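Peer 1:
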């Protein structure tokens, strides 16, 4: 059997065919951009952050597969990934990662300030180190939430050249949201993860996994409510939060029986929770 074209495998390594990760990273970044501007952000800043989000998520996927290349072949859902299948070598993966990070750095240069560049360095470190936390941390999803939400302080830095307290509150909300949705994701792989010995929140929470997810959703929405109150946001924002709460309750109906297919559906559906919050922010600025 002839190996698939290299370019195709590189795109699969970057998860271009699975944009959900990019969207889950993008929504909190957009929340932050709109709130930092108290309106519509400059087009160049918006485009830079959208491009940077895609590039850094892709880089994170590459380094994740590099770190997990000896594990993925033992997990049903990941055994066909390019590195697990032997189609992409570690050296090639490192080269792709370096190229993506370099492109991301070049992208941010037009709006670079010392603060923004410093935060960008931290963002690269978080993306590169997250895959290894699954060896040591009981709830690596919390670390993922910081990595996936670091566009928040960067967005405030790009607009205001400072990172106000509200940015860190938004980041904390994203941490709890990431624990919620990535625990749903981890519930799919729990049997395989137990066999290979890596740590996930689904394993750590055990029989309390569903309760923990719903508590994390509640904490996410509560912190976002504090943000809305602090910034004196109007009724569209609160409607968006209520829609997000309804979506979280719908996820409970999907995960309560721990059916792996429904758990994965719930994970994917978190795109709409992030979109609901953003819609509230967007409508608030327009109205």
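In our numbering, the protein residues as written are 1 to 287. For glycine and all other residues, C-beta sits at the position ideal for the given N, C-alpha and C. Treat the numbers as computed from the prediction; the structure is a model and nothing was measured.
Is the separation between the beta-carbon of residue 227 and that of residue 169 shorter than 7 Å?
Peer 2: Going by C-beta atoms, residue 227 is nearer than 7 Å to residue 169.
Peer 1: Count the C-beta pairs between the segment 85–101 and the segment 53–63 that are closer than 8 Å, then say yes if the count reaches three, no if not.
Peer 2: They touch, by the three-pair rule.
Peer 1: With 16 as the cutoff for other CB atoms within 10 Å, does residue 230 come out buried or exposed?
Peer 2: Exposed, by the Cβ-count rule.
Peer 1: Against chain C, with Cβ distances strictly below 7 Å, would residue 23 count as a contact?
Peer 2: No chain C appears in the structure shown, which is made up of a single protein chain.
Peer 1: For the pair the segment 138–145 and the segment 109–123, tell me if three or more CB-CB distances fall below 8 Å.
Peer 2: Judged by Cβ distances under 8 Å, the segment 138–145 makes no contact with the segment 109–123, as fewer than three pairs qualify.
Peer 1: When the Cα atoms are used, what is the spatial distance from residue 51 to residue 26?
Peer 2: Approximately 10 Å between the Cα atoms of the pair.
Peer 1: For residue 201 and residue 70, what's the separation of their Cα atoms in angstroms?
Peer 2: Approximately 21 Å between the Cα atoms of the pair.
Peer 1: Starting from residue 178 and walking both ways along the alpha helix (DSSP H), at which residues does that stretch end?
Peer 2: Taken as a continuous stretch (DSSP letters only), the alpha helix (DSSP H) holding residue 178 covers 165–196.
Peer 1: Could you check what DSSP says for residue 162 in three-state terms: helix, strand or coil?
Peer 2: Residue state, collapsed to three classes: coil.
Peer 1: Cα-Cα, which of 183, 175 and 159 is closest to residue 46?
Peer 2: With distances taken between Cα atoms, residue 46 lies closest to 159.
Peer 1: Measuring alpha carbon to alpha carbon, tell me which residue in 154, 224 and 155 is nearest residue 177.
Peer 2: Of the candidates 154, 224 and 155, the one whose C-alpha sits nearest the C-alpha of residue 177 is 224.
Peer 1: Buried or exposed for residue 281, going by 16 or more other Cβ atoms inside 10 Å?
Peer 2: That one is buried.
Peer 1: Residues in the same chain with beta-carbon distance under 6 Å from residue 41, minus the five sequence neighbours each way, listed in chain order, please.
Peer 2: The residues are 33.
Peer 1: Please state whether DSSP places residue 27 in a helix, a strand or coil.
Peer 2: Note: residue 27 maps to helix in three-state DSSP.
Peer 1: Answer with buried or exposed for residue 208, where buried requires no fewer than 16 other C-beta atoms within 10 angstroms of its C-beta.
Peer 2: So residue 208 ends up on the exposed side.
Peer 1: So does the segment 60–68 actually touch the segment 187–195, counting three or more Cβ pairs closer than 8 Å?
Peer 2: No: the two stretches stay apart, fewer than three of their Cβ pairs being nearer than 8 Å.
Peer 1: With residue 151 and residue 49 assumed to form a contact (beta carbons below 8 Å), what rounded beta-carbon distance in angstroms separates them?
Peer 2: Indeed, because the Cβ distance is near 6 Å, the residues count as touching under 8 Å.
Peer 1: Can you tell me whether DSSP reads residue 40 as helix, strand or coil?
Peer 2: Residue state, collapsed to three classes: coil.
Peer 1: How far does the alpha helix (DSSP H) with residue 251 in it reach, from first residue to last?
Peer 2: From DSSP, the alpha helix (DSSP H) with residue 251 extends over 235–255.
Peer 1: Compute the Euclidean distance between the alpha carbons of residue 284 and residue 275, then round it to the nearest angstrom.
Peer 2: For residue 284 and residue 275, the distance between alpha carbons rounds to 14 Å.
Peer 1: Determine the DSSP secondary structure at residue 6, reduced to helix, strand or coil.
Peer 2: DSSP places residue 6 in helix when its eight states are reduced to three.
Peer 1: Which residue from 279, 269 and 277 puts its Cα closest to that of residue 19?
Peer 2: Per the Cα distances, 269.
Peer 1: What whole-angstrom Cβ distance do residue 221 and residue 245 have, given they're in contact under 8 Å?
Peer 2: Indeed, because the Cβ distance is near 6 Å, the residues count as touching under 8 Å.
Peer 1: Just the C-alpha distance for residue 139 and residue 60, rounded to the nearest angstrom, thanks.
Peer 2: Cα to Cα, residue 139 sits roughly 18 Å from residue 60.
Peer 1: Taking residue 240 as the reference, give the member of 273, 212 and 232 with the closest Cα.
Peer 2: When each option's Cα is compared against that of residue 240, the closest is 273.
Peer 1: Throw me the rounded Cβ distance for the residue 290 and residue 198 pair, which I believe falls under 8 Å.
Peer 2: Within the shown structure, residues of the chain are numbered from 1 to 287, placing residue 290 beyond reach of any answer.
Peer 1: Would you kindly work out how many angstroms separate the C-alpha atoms of residue 108 and residue 156, rounded to a whole number?
Peer 2: One C-alpha to the other measures close to 14 Å.
Peer 1: Judging by CA-CA distance, which residue of 234, 180, 185 and 242 is the nearest neighbour of residue 215?
Peer 2: Selected option, being the one with the closest Cα: 180.
Peer 1: Following the continuous alpha helix (DSSP H) through residue 114, name the residue where it begins and the one where it ends.
Peer 2: Its alpha helix (DSSP H) spans residues 114–133.
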